[in-house]
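Residue numbers (our numbering), protein chains in the order written: chain A, 1 to 147; chain B, 1001 to 1147; chain C, 2001 to 2077; chain D, 3001 to 3077.
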Amino acid sequence: MTDRKPKNIFVQGAIAAGFVAASIQKHSTQTSIGAHSIFLGQVRNDVINNKKVVAIYYTTYEEMALEKMHQIRQDIFTKYPLTCMHVYHSLGKILAGEISLFVFTSSAHRKAAIDACEETVERIKAELPVWGKELFQDESYQWKENK
Amino acid sequence: MTDRKPKNIFVQGAIAAGFVAASIQKHSTQTSIGAHSIFLGQVRNDVINNKKVVAIYYTTYEEMALEKMHQIRQDIFTKYPLTCMHVYHSLGKILAGEISLFVFTSSAHRKAAIDACEETVERIKAELPVWGKELFQDESYQWKENK
Amino acid sequence: MKVNIIIFGQMVDVTGSSTLLIENVSTTDELVEKLHLQFPAMATAKYAIAVDKKMIRENTSITNNSMVALLPPFSGG
Amino acid sequence: MKVNIIIFGQMVDVTGSSTLLIENVSTTDELVEKLHLQFPAMATAKYAIAVDKKMIRENTSITNNSMVALLPPFSGG
């Protein structure tokens, strides 16, 4: 861990498609990039015991999550020759069909970008202290479990 | 191969970030989707023998490429539980920093979306009759080689 | 000695609160013992403990300044 | 018998044209032999042959209606 302040990855509410587009567009000046890999997590309208999930409400232990994300970022940059990496995770109520996670890696060649993106997503799901509460139509809820 | 007419994947010119955003946005009504994986190929400003690549000019054997892409699509849908797949490849002159390939897979869960996207990209690079001519500043060129 | 505990996710359903103040404990094992007495449902709950933002796996000393957190299984993304 | 050939990518640099009409050939082996006589640089060029949009690996019969294509290594994406 360096002394550098961890970057914030959390945004209130859903991640808009236009935000993803703006992120992509910003990279057009970085002409050493040959490949971008993007992962988007979208809230599913799962049916659990005949009740439909209408939204997920995300909370986090922000201080710990940002430190952990900083460490994941450093590990990934050490392992893969990336040009850049961007991660955004939603907090609050995200409706079914909306995007709650956006991971974006770029590299000169595709292998590094693709592998780094996948590994970052896996580590985020396994290691970031974030919790999703699945909200049903009838205002009951259950806690999401990652597979 | 079915009799169904292969979908066109080719677009003249670069793929705009806004086009990617519109594609993402369209999926917000498909609430059985939990994960999107996107690959974008961007033209690199490589320096070869002291000459800078300013653009790649793409051509294809379109009829054969569309048949092959149709077959790849069928293979990938057979292998992975995808909700949908979209592929766009640029033709003509694409400047360094612009996007020439857009592969977009969606699934209920991340593993299928990520693996299908990567496999589709690999197959496109290996199997589609498409050629890239790397154009230098001085108007000379060389033919691109895929690794 | 008083230890401040912050609680997340489904563990809030178990303890009924997102913060707790527990007295007279100097290790995480002592803390867990007290918590289980106070909240019997914790015995069957799945959770990890972080001290000062690091997950702990063994019994760990805690002080007045320790930041102790109860973390149920993560489900981000 | 005349066979129409379509030519792509760097093979156009070798033959100087993106289409060719070759007479008196009935198999791809015969075709390749004729082409190599006409364009000696083809001997060192890397290319595959497609007949009716399928890559061929063995000597294949061709007719007036065959669509023969010379395909250098692909470099899409």
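Ideal placement from N, C-alpha and C gives every residue a C-beta, glycine not left out. Values in this document were obtained by computation on a predicted structure and should not be read as measured data.
(1) Do three or more CB pairs link the segment 1041-1057 of chain B to the segment 1089-1108 of chain B at distances below 8 Å?
(2) Decide if the segment 1020-1031 of chain B is in contact with the segment 1058-1067 of chain B; the criterion is three or more beta carbon pairs, one per stretch, under 8 Å apart.
(3) So if I threshold CB-CB distances at 7 Å, which residues from the segment 3031-3050 of chain D count as touching chain B?
(4) Using a 10 Å radius around the Cβ and a threshold of 16 neighbouring Cβ atoms, would you call VAL3003 (chain D) buried or exposed?
(5) Return the residue from the list A:ALA55, A:LYS79, A:PRO6 and A:GLN12 that minimises the CA-CA distance to CYS150 (chain A).
(6) Check for me: the beta strand (DSSP E) holding PHE1039 (chain B) runs from which residue to which?
(7) Name the one or two DSSP bridge partners that ALA1126 (chain B) has.
(8) In its own chain, which residues sit with a C-beta less than 7 Å from the C-beta of HIS109 (chain A), not counting the 5 before and 5 after it?
(9) Taking Cβ positions only, does THR59 (chain A) come closer than 9 Å to chain C?
(10) Using a Cβ-Cβ cutoff of less than 7 Å, which residues in the same chain neighbour ALA3048 (chain D) once the five nearest sequence positions on both sides are dropped?
(11) Jot down the residue ranges of each uninterrupted beta strand (DSSP E) in the segment 76-135 of chain A, minimum 3 residues, whole runs only, in chain order.
(12) Which class does ILE1024 (chain B) belong to by DSSP, given the choice of helix, strand or coil?
(13) Between GLY2016 (chain C) and chain A, is there a C-beta pair that is closer than 9 Å?
(14) Apply the 10 Å Cβ neighbour rule to MET2001 (chain C) and answer buried if 16 or more other Cβ atoms are within range, or exposed otherwise.
(15) Since GLN89 (chain A) meets chain C, which of its residues come closer than 7 Å, beta carbon to beta carbon?
(16) I need the DSSP call for LYS5 (chain A), collapsed to helix, strand or coil.
(17) DSSP has MET2055 (chain C) in a bridge; who is on the other side?
(18) Excluding the 5 residues preceding and the 5 following PHE136 (chain A) in the sequence, name in chain order all residues of the same chain whose CB lies nearer than 6 Å to its CB.
(19) Return the bridge partner residues of TYR57 (chain A) from the DSSP annotation.
(20) Can you pull the DSSP bridge partners for GLN1012 (chain B)?
(21) With 9 Å set as the bound, which would you pick, yes or no: does the beta-carbon of LYS1133 (chain B) sit closer than that to a beta-carbon of chain D?
(22) Answer with yes or no whether the minimum CB distance from ALA14 (chain A) to chain C is below 9 Å.
(23) Considering only the beta carbon of each residue, do ILE1056 (chain B) and GLU1127 (chain B) sit closer than 9 Å?
(24) Which residues share a DSSP beta bridge with VAL2004 (chain C)?
(25) Kindly list, in the order they appear in chain B, the residues whose Cβ is closer than 7 Å to that of LYS3053 (chain D).
On the basis of the coordinates in this document:
(1) yes
(2) no
(3) ALA3050
(4) buried
(5) Because chain A is modelled from 1 through 147, residue 150 (chain A) falls outside the range shown and cannot be assessed.
(6) 1035-1042
(7) DSSP, once it has assigned bridges, lists no residue as partnering ALA1126 (chain B).
(8) GLY34 and ALA35
(9) yes
(10) MET3055 and LEU3071
(11) 82-95 and 99-107
(12) helix
(13) no
(14) exposed
(15) As written in the sequence, residue 89 (chain A) is His, which differs from the Gln given in the question. Those are GLY2076, listed as they occur along chain C.
(16) coil
(17) C:ALA2050
(18) LYS51
(19) A:LYS93 and A:LYS133
(20) B:LEU1091
(21) yes
(22) no
(23) no
(24) As written in the sequence, residue 2004 (chain C) is Asn, which differs from the Val given in the question. In DSSP, ASN2004 (chain C) forms a bridge with C:LEU2021 and C:MET2067.
(25) GLU1063, MET1064 and GLU1067
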